[in-house]
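Residue numbers (my numbering): 70 to 323.
Think of the CB as a built atom: it goes at the ideal place given N, C-alpha and C, for glycine as much as any other residue.
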Ligand code: NDP
Ligand code: 8X3
């Protein structure tokens, strides 16, 4: 079996959680990694930790002009992206749709859906021209299984799932691969962002159970990216063993 060894990896949302872990994983395997996110200080620290083959670039994926400028301005040794990890994303709030904040919904749609397609659209033409590349999108179990308060967050991840499958269709015959990685609960800054920095609320999500770690997800991403070129892993769904499914809710009279 000849595995694929990515030369250049572009990670969005690399300042924390899955993005930082997957950066460490690819960097340890010898890849050059472009790391992007809004928090420049975090990116600088990660680049300093990992050495000269990591290029930190401040980027808000919601800004289409900035996405295009970053991708078109990549230095030659980082310009031929083999793997795009579309990881930047967030959940905001866990309230019901009837009281949720429209601003929170806008930010989730702008980041998780629009930012992801902006980055994909910017990087894809080069992959197709080289007939080589891999787009790895971060979906979620929340895109398949509903839960109270998941409303727009789950909707954005259902979009990511379907966009990934549709990309596969468009890329038919090009040699470019697409994978959607769909995790359940993993202990990162995700819940702290969801609850606007409320540490007690975030800690309560993982209390008394063993969530997955960012390294668990990085492993899955790295595995998908290093399969032989003739193998496309369409979807990886993974959950903490301690997380599973609830029965349907029934609203009873009285
Ligand atoms: P973290 O909050 O730890 O990391 C999220 C990353 O996204 C940060 O690096 C953040 O960087 C970046 N980000 C957020 N908004 C933007 C933006 N507008 N532009 C660029 N970067 C942005 O969470 P996770 O690592 O857990 O989440 C990563 C992905 O995995 C997300 O898409 C999330 O929805 C998904 N996911 C998470 C699960 C979990 O349980 N943790 C489960 C399933 C999916 P910065 O703030 O510096 O911009
Ligand atoms: C986040 C996973 O299970 O918290 O995408 O919704 S979960």
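Pick helix, strand or coil for residue i, following the three-state DSSP scheme.
i	result
residue 251	strand
residue 202	strand
residue 156	coil
Spatial neighbours of residue i within its chain, please: CB distance less than 6 angstroms, with the 5 preceding and 5 following residues excluded, ordered by chain position.
i	result
residue 84	106, 108, 111, 112
residue 283	86, 87, 90, 257
residue 233	206, 247, 249
residue 209	226, 251
residue 221	174, 177
residue 213	none
residue 127	109
residue 94	287, 291
residue 160	222, 263
residue 236	247
Just curious, the beta strand (DSSP E) that residue i is in, first and last residue?
i	result
residue 304	304-307
Since residue i contacts residue j with CB under 8 angstroms, what's their CB separation in whole angstroms?
i	j	result
residue 255	residue 286	6 angstroms
residue 193	residue 252	About 24 angstroms separates the two Cβ atoms, so there is no contact after all.
residue 196	residue 139	Their Cβ separation, rounded to whole angstroms, is 16 angstroms, which puts residue 196 and residue 139 out of contact at 8 angstroms.
residue 137	residue 198	Not really, about 17 angstroms apart at Cβ, beyond 8 angstroms.
residue 104	residue 125	5 angstroms
residue 296	residue 243	That belief does not hold up - the Cβ atoms of residue 296 and residue 243 are roughly 17 angstroms apart, past 8 angstroms.
Give the range of the alpha helix (DSSP H) segment to which residue i is assigned.
i	result
residue 293	283-294
Kindly list the residues whose CB is nearer than 7 angstroms to the CB of residue i, restricted to its own chain and excluding five residues on each side of it in sequence; keep chain order.
i	result
residue 131	179, 180, 183, 184
residue 96	102, 119, 122, 123
residue 82	88, 106, 156, 157, 158
residue 129	107, 135
residue 211	219, 222, 223, 226
residue 170	162
residue 215	223
Excluding five sequence neighbours on each side, which residues of the same chain lie with their C-beta closer than 8 angstroms to the C-beta of residue i?
i	result
residue 175	none
residue 279	309, 310, 311
Q.
Which runs of the alpha helix (DSSP H) at least 4 residues long sit entirely within the segment 204-278? Give them in chain order.
A. Whole alpha helix (DSSP H) segments, 4+ residues: 220-239, 259-263, 268-274.
Q: Counting only runs of 4+ residues fully inside the segment 71-153, write out the alpha helix (DSSP H) ranges in chain order.
A: Counting only runs of 4 or more residues that sit fully inside the segment 71-153, the alpha helix (DSSP H) segments are 86-97, 109-119, 133-141, 145-148, in chain order.
Q: Note down, one range per segment and in chain order, each alpha helix (DSSP H) of at least 4 residues found wholly within the segment 165-197.
A: Taking only runs of at least 4 residues, the alpha helix (DSSP H) segments lying wholly in the segment 165-197 are 171-177.
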